[in-house]
Amino acid sequence: MGGLTSTSKGLYNKGKIGMTFKLPPGLALQKVDERIMTLNVGPQHPGSGHMRLIVQIDGDYIVACDPDPGYVHRGEEKMAEYRNYILNIPHLERPVIHDSCNVLYPYVLGSEEILGIEVPERAKYVRVIASELNRCIYIMYWLAIYGIFLGHSTMFMWPAGDRELLIDLMEKMTGARVTHAHFVPGGVRNDLPPNFEDVCLRQVNYFEKRIKEYAAIFYDNPILIARTRDTGILSRQDAIRYGTTGSVLRASGVDYDLRVKEPYDVYEELDVHTNVMKEGDSYARSKIPWLDMLESCNIIRQALQKMPKSGSVRTKLKPNPKGKGLDSVYKRVESGRGSLGCYIVSDGKVEPYRVKLSVPSFRNLIALPNLLRGEKLGNMPSVYWSLNYWPVEADR
Amino acid sequence: MGTATGIIRALNSGIKHIAMKRFTLRYPEEKLKFVGDGYQFDPSTGVGIAGYKGRHMLFHDHCTGCQLCSIACEGVAEAIAMVKVPEEFKQNKKSIMPQIDYGKCVFCGLCVDACPFYALYMTNDYELSSFSKEGLIYTPAQLQVKPYVAQDSEIKISDRGATHG
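Protein sequences, first through last, are from chains Y and D. Residue 93 in my numbering sits at position 76 of the first sequence, and the numbers go up by one each step. Residue 250 in my numbering sits at position 157 of the second sequence, and the numbers go up by one each step.
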């Protein structure tokens, strides 16, 4: 003790306990209750993804939660201002690589309107099939992580393995297993391979049979129900007020699906059924994506049946297509997480003037602090991941 | 449904899988089968031909050194550089051809779409790992070689489930 004070006297005298610091104007020290402990979950914690949750707990109960996204910001929107309409494709699908067709969909729809391109009928059906397959791939990945968050290892292994059935189809269709770069303004990059319809139908039918088996082991499992039922309840009014979308909104009893409400491409001609649950708890939010997958299988079968058997899949573009002057367009689609919008402003140049993505992940995250207040800390992963949140997309 | 029956059903659903065949692929011994010969592009119709987007293949007798692939890659990955080749070609007066750095390539295939002379295609070769960064840079001479890719495994669906075989 004596040695310490003699060697570093000056240093220790500065930080006397009870001394008042003069803070810069505009800043105030936070008052800390002694009962409350602040816990950082993330950004390297596997239970949060690439983001941080600042959780304040009193004993085992969460008092407040402050989500802190922004660790994987890549500047996608700024990058889009320096590349032409075609070269924007590979980087704009990076925010959600396993849902890459859906992430690109609004951008492609918007740039088609700006560039004034007509899309062949067959290409629209190919897009719907690719988009629905991608939705299933995304939800399977999400479900695998939801399983491991709840400590259910089987539910991690099964979706991760069964995803392969659909990834195999996407690989045959587009040539890549994750980042497909398949949609372009004017259609899709390549036609379906020969004999694809039969292979697709067989694998999708088997996939549907397979995911129905998840009910016994996961969704009807009393242990899962005990852990997720009545946790993190989001009421119908709150769900609308916070602006949540997708499965979170449908789990709170709002019948809202852009494929039905604002049909794009050929969704008008397909029979799409919206799954709605009234509970608004974690269990409902985890079950709605599973019901969506079953619905996606139906849509794929319908699209395969109604698709024109031959024809062009891509309108030939001029090199370096341009907009017709000052123009702006907003398009949105139903992605695996909810409504995903893209706002494009063109000033008649080769590059878009501005590309703004309105992402569902960020909208769903806004509800998180209100869902976690009063919950037990052990329920945090299940409530957090049930929001269908993807950190990279929120930061874009 | 009672708690006990629910748990027994869940267990039963898992136990059934002990008798099922393995679905996963034993990768180095088995390799996936792809459709076609790789991603190709037909500039006359403006539509690609479905196939796996793997390592590129360059046809020296078609390449004119127009740099369109390199320009396309500038906005994506900056993986393509135009380099001098020792041979002389009638259609390629400057003797420059693309050299691709697979440490940067994202396999989007937009370079293939950009080529108007049927000179650049993609093949099924995906085993490109190397011990050094220099080993990932493929010169025009290396890109000329058509790779051999073993393809033996496909998803098969039977009444007892799906397998790779």
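Note that the Cβ used here is the ideal one computed from N, Cα and C, for glycine as well.
- Ranking D/245, D/161 and D/192 by CA distance to the CA of residue 176 of chain D puts D/192 first.
- The segment 126-193 of chain D is shown to contain whole alpha helix (DSSP H) runs of 4 or more residues at 161-167, in chain order.
- Note on geometry: alpha-carbon atoms of residue 394 of chain Y and residue 257 of chain Y lie some 26 Å from one another.
- Nearest CB-CB separation between residue 95 of chain Y and chain D: not below the 9 Å threshold.
- When the beta-carbon positions are compared, residue 297 of chain Y and residue 351 of chain Y stay at least 9 Å from each other.
- Residues of chain D whose Cβ lies closer than 9 Å to the Cβ of residue 113 of chain Y do not exist, since the nearest Cβ in that chain is about 16 Å away.
- According to the DSSP secondary-structure assignment, residue 84 of chain Y is paired through a beta bridge with Y/70.
- Closest option to residue 344 of chain Y, judged by alpha-carbon separation, among Y/335, Y/333 and Y/364: Y/364.
- DSSP, read as helix, strand or coil, puts residue 323 of chain Y in helix.
- In the DSSP assignment, residue 216 of chain D falls outside any alpha helix (DSSP H) and carries neither an H nor an E.
- One finds 248 in chain D with Cβ atoms closer than 7 Å to the Cβ of residue 185 of chain Y, taken in chain order.
- Spatial neighbours of residue 242 of chain D in its own chain (CB-CB distance under 6 Å, excluding positions within 5 residues in sequence) are listed in chain order as 217 and 218.
- With contacts defined as CB atoms closer than 9 Å, residue 138 of chain Y and residue 328 of chain Y qualify as a contacting pair.
- Residues of chain D with a Cβ closer than 8 Å to the Cβ of residue 189 of chain Y are, in chain order, 127, 128 and 143.
- DSSP lists Y/362 as the bridge partner or partners of residue 371 of chain Y.
- Residue 75 of chain Y is bridged by DSSP to Y/53 and Y/78.
- With contacts defined as CB atoms closer than 9 Å, residue 301 of chain Y and residue 310 of chain Y fail to qualify as a contacting pair.
- The segment 188-204 of chain Y and the segment 136-155 of chain Y touch, with no fewer than 3 CB-CB distances between them shorter than 8 Å.
- Boundaries of the beta strand (DSSP E) around residue 349 of chain Y: 343-351.
- In this structure, Y/110 is the residue among Y/110, Y/342, Y/115 and Y/221 with its C-alpha nearest to the C-alpha of residue 122 of chain Y.
- DSSP assignment within the segment 168-255 of chain Y yields the following whole alpha helix (DSSP H) runs of 4 residues or more, N-terminal first: 170-191, 213-229 and 239-245.
- Counting only the Cα atoms, residue 348 of chain Y lies some 7 Å from residue 126 of chain Y.
- Contacts between residue 361 of chain Y and chain D, judged by CB atoms closer than 9 Å, are missing: the closest CB pair is about 17 Å apart.
- Taking all protein chains in view, the Cβ of residue 205 of chain D is crowded by 16 or more other Cβ atoms within 10 Å, so the residue is classified as buried.
- Contact check between the segment 77-95 of chain Y and the segment 377-394 of chain Y: three or more CB pairs, one atom from each, fall below 8 Å, which counts as touching.
- Residue 182 of chain Y reaches chain D at 248 and 255, counting residues in chain order whose Cβ is nearer than 7 Å.
- For residue 110 of chain D, no alpha helix (DSSP H) encloses it, and the DSSP letter there is neither H nor E.
- A direct Cα-to-Cα measurement between residue 239 of chain Y and residue 100 of chain D gives close to 6 Å.
- Membership of residue 243 of chain D in any alpha helix (DSSP H) is not indicated, and neither H nor E is assigned to it by DSSP.
- When the alpha-carbon of residue 400 of chain Y is set against those of Y/166, Y/284, Y/174 and Y/73, the nearest one is in Y/166.
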